[in-house]
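Since the structure comes first, as structure tokens, the remarks are kept for the end.
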């Protein structure tokens with residue numbers, strides 16, 4: 230079949246393209262240009278395309294498949310980077326990779342693939358698409374170290390039906406690299422990408438400050454009673470549960486303090502002792518279901534951040550308000566803006582974005 | 173799928189058989205035109221014959237032809253080498269080869285049909301001070317011809333030099349001999365890539381970009397790429413406006429049959445081989461990819477080395493707004509088959525129907 234492969238220039242999507250081409254499919258490689266690489270590394274005269282784009286082209290040429298570089302700078306700026314900065318300015322902790330998957334990748338690329346007469350789109354994500362009784366299901370990858378299902382919770386059922394994830398069943402990355410070697414791909418030894426793609430130096434708060442200066446304005450660090458314990462250099466530098474960057478407010482007596490809440494309107498960082506951070510209930514909005522939730526509470530597992538294993542919980546879907554209410558078996562730290570993803574074993578049931586307590590009519594801590 | 177149809181001549185023309193033969197003969201010949209011995213003399217004879225042929229075609233003296241590595245270098249040589257003591261004025265739709273060589277230039281607007289706004293040129297020239305004006309004879313994306321004779325008259329009146337980028341026009345339409353310098357590219361004529369030329373009006377001095385062993389009368393250092401130059405001269409002999417006029421009928425058939433498309437610069441005089449079809453609301457990128465998959469090689473905007481398709485600054489300058497990202501360039505090569513328009517239209521209409529439905 231004719232299949233579009235989203236090629237990042239990394240080893241994973243390169244192997245996907247190689248395997249599908251080997252199987253005899255008509256593979257169309259597409260690489261997204263999401264930001265001006267030359268500007269991002271602040272090097273005058275550098276090409277707008279980074280090495281990853283060049284690598285993707287090289288792999289496609291080696292495989293003898295069609296390949297196109299798609300200019301999505303404007304779309305990425307609007308849908309992902311500006312959203313990223315706005316969320317920080319609002320005291321949230323965004324997950325730009327989810328936004329990108331939700332917009333630029335699984336919305337726009339799927340649309341392009343359909344426009345081009347493709348029957349499916351494949352990516353190098355480590356997740357499994359399993360044919361279930363009620364249609365395709367999204368499952369965790371065979372390799373728990375590589376599983377990316379949390380980042381794909383916002384994929385709609387229609388997008389999932391159109392998508393293929395050939396690497397989801399691989400036991401580990403070494404097996405994928407071995408395939409790259411076998412296929413003769415120059416990216417076989419390429420290191421994994423790290424962090425946020427459009428923040429090459431890892432200084433994300435500088436990106437935020439440029440777009441939303443208010444996120445970089447100094448303010449007070451206060452405790453739950455409102456006592457001023459110190460000063461901060463912008464709420465864009467903080468996330469719930471963070472212990473670093475608090476200066477003199479780092480500890481109260483012997484007990485260290487952590488960020489408990491971010492009060493954007495007053496530019497306040499609210500700190501507390503660790504034991505008071507976890508919440509009994511987490512509420513998520515913008516919910517996407519990959520399963521039909523029952524009316525009333527149900528038991529499942531929840532994952533509130535990228536790097537943790539799912540924990541048992543009770544969940545309830547408020548279809549009228551469009552809110553997902555989750556009570557983890559053990560109260561958990563939840564940062565607004567992050568994903569709240571429900572699992573039943575390996576299967577992703579659905580998920581949403583964690584809402585701020587203030588938005589729900591509850592006073593900030 | 174039937175045989176692919178190459179419709180991207182403005183990116184590069186297919187190699188003409190005569191050019192191929194000339195390239196091979198020059199490679200067989202060997203020798204460095206700067207050498208004093210017999211092998212050098214033989215190479216020099218070939219080089220000078222090519223120079224005479226190029227000069228004669230455009231009404232220049234052989235000694236005023238500077239061979240370069242290509243059109244970009246020829247444009248850069250003019251814009252850097254003639255600009256001393258002059259302010260530079262460039263048209264808004266010039267090729268990046270010109271715009272990048274004169275980053276501080278004042279930009280002259282174009283009219284909605286893509287032709288130069290002569291009033292704006294006159295006003296800019298009247299601001300005083302010696303000027304160097306750079307204009308393309310024909311636009312690479314739309315094929316629109318600038319009113320060179322009228323522009324040249326204004327330049328003459330204000331003592332300005334006129335550089336003409338004839339990379340797309342040469343060999344396809346007559347280029348009026350009103351320039352002070354003229355840039356050519358070999359592979360846009362059907363020669364091999366790797367050679368171009370800057371022609372100078374008698375008496376115009378150009379400062380070199382590349383110093384070196386004194387080749388090209390000290391105006392361009394480096395051993396001349398003789399096979400590419402010989403190929404360019406051979407291609408030029410065959411690339412005549414009379415031969416290219418055959419393509420106008422095909423272009424007309426494409427434009428007449430492309431219902432729903434807006435032809436950029438339709439009202440202006442244009443190259444016989446070029447049409448820019450704007451399909452409002454449908455991304456040019458998608459159109460180019462869809463046609464490529466169907467076997468039709470067309471392009472959009474100016475191709476960047478990364479291969480991405482960007483919104484066309486040319487269409488933006490012509491006032492297309494959002495639809496500046498919706499135009500594809502169809503440029504017929506010298507050897508376009510007689511059924512090119514018919515075949516292209518069938519694929520284009522199928523694409524239009526599929527993509528417009530989604531865009532609606």
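Residue numbers (the numbering used here), protein chains in the order written: chain A, 230 to 594; chain B, 173 to 532. Glycine residues also receive a C-beta, built at the ideal position from the N, C-alpha and C atoms. Quick caveat: nothing in here was measured; it's all calculated off a predicted structure.
Note that the stretch 435–443 of chain B does not touch the stretch 459–476 of chain B; fewer than 3 beta-carbon pairs, one per stretch, sit closer than 8 Å. Residue 439(A) counts as exposed, since fewer than 16 other beta carbons sit within 10 angstroms of its beta carbon.
Straight-line measurement puts the Cα of residue 303(A) at about 41 Å from the Cα of residue 352(B).
Rounded to the nearest angstrom, the Cβ distance from residue 343(B) to residue 307(B) is 18 Å, too far for a contact under 8 Å. For residue 383(A), there is no enclosing alpha helix (DSSP H), as DSSP marks it with neither H nor E.
Under the three-state reduction of DSSP output, residue 315(A) falls in the helix class. Nearest C-alpha to residue 526(A) among 548(A), 412(A), 539(A) and 532(A): 548(A). In chain order, 380 place their CB closer than 7 Å to the CB of residue 326(A), counting only its own chain and leaving out the 5 sequence neighbours on each side. The shortest CA-to-CA distance from residue 175(B) to any of 500(B), 491(B), 194(B) and 467(B) is the one to 467(B).
About 6 Å separates the Cβ atoms of residue 374(B) and residue 233(B), confirming a contact at the 8 Å cut-off. Along the stretch 368–447 of chain B, the beta strand (DSSP E) occurs as fully enclosed runs of 3 or more residues at 368–372, listed in sequence order.
Within chain B, no residue has its beta carbon less than 7 Å from that of residue 284(A); the closest one is some 12 Å off. Taking a contact to require three or more Cβ pairs closer than 8 Å, the stretch 346–365 of chain A and the stretch 382–391 of chain A qualify as touching.
Using a CB distance cut-off of 8 Å, residue 297(A) counts as an interface residue toward chain B. For residue 283(A), the enclosing alpha helix (DSSP H) stretches over residues 280–292.
In the structure shown, residue 388(A) falls within a helical segment according to DSSP collapsed to helix, strand and coil. Residue contact check for residue 344(A) against chain B: a CB pair falls below 8 Å. Rounded to the nearest angstrom, the gap between the Cα atoms of residue 335(B) and residue 251(B) is 8 Å. Per DSSP, reduced to three states, the secondary structure at residue 500(B) is strand. For residue 487(B), the uninterrupted alpha helix (DSSP H) run begins and ends at 485–489, by DSSP. Inclusion of residue 583(A) and residue 561(A) in the CB contact set at 8 Å is not warranted, their separation being larger than that value. Looking at the backbone, the Cα of residue 291(B) and that of residue 188(B) are separated by about 41 Å. Taking 8 Å as the cut-off, the Cβ atoms of residue 261(A) and residue 299(A) count as close.
Around residue 258(A), the same chain offers 234, 236, 246, 289, 294 and 296 as residues with beta carbons nearer than 6 Å, after the five sequence neighbours per side are excluded. Within chain A, the residues 341, 344 and 345 have their CB atoms less than 8 Å from the CB of residue 458(B), given in chain order.
The alpha-carbon separation between residue 283(B) and residue 305(B) amounts to approximately 17 Å. Within the same chain, Cβ atoms closer than 7 Å to the Cβ of residue 385(B) are found at 206 and 393, the five residues on either side in sequence being excluded. With contacts defined by Cβ atoms closer than 8 Å, residue 513(A) and residue 555(A) form a contacting pair.
Counting only the Cα atoms, residue 369(A) lies some 40 Å from residue 495(A). Residue nearest to residue 398(B) within the set 216(B), 340(B) and 278(B) is 216(B) (criterion: CA-CA distance). If only uninterrupted beta strand (DSSP E) runs of at least 3 residues are considered, those enclosed by the stretch 332–363 of chain B are 333–337 and 353–357.
Closest option to residue 318(B), judged by alpha-carbon separation, among 424(B), 414(B) and 346(B): 346(B). Annotation: residue 464(B) is outside any beta strand (DSSP E); the continuous alpha helix (DSSP H) that includes it extends over 456–465.
Under the DSSP definition of a beta bridge, residue 524(A) lacks any partner.
Listed in chain order, the beta strand (DSSP E) runs fully inside the stretch 394–459 of chain A are 448–451, counting runs of at least 3 residues. Taking each of 244(B), 275(B) and 237(B) in turn and checking the Cα distance to residue 255(B), the smallest one comes out for 275(B).
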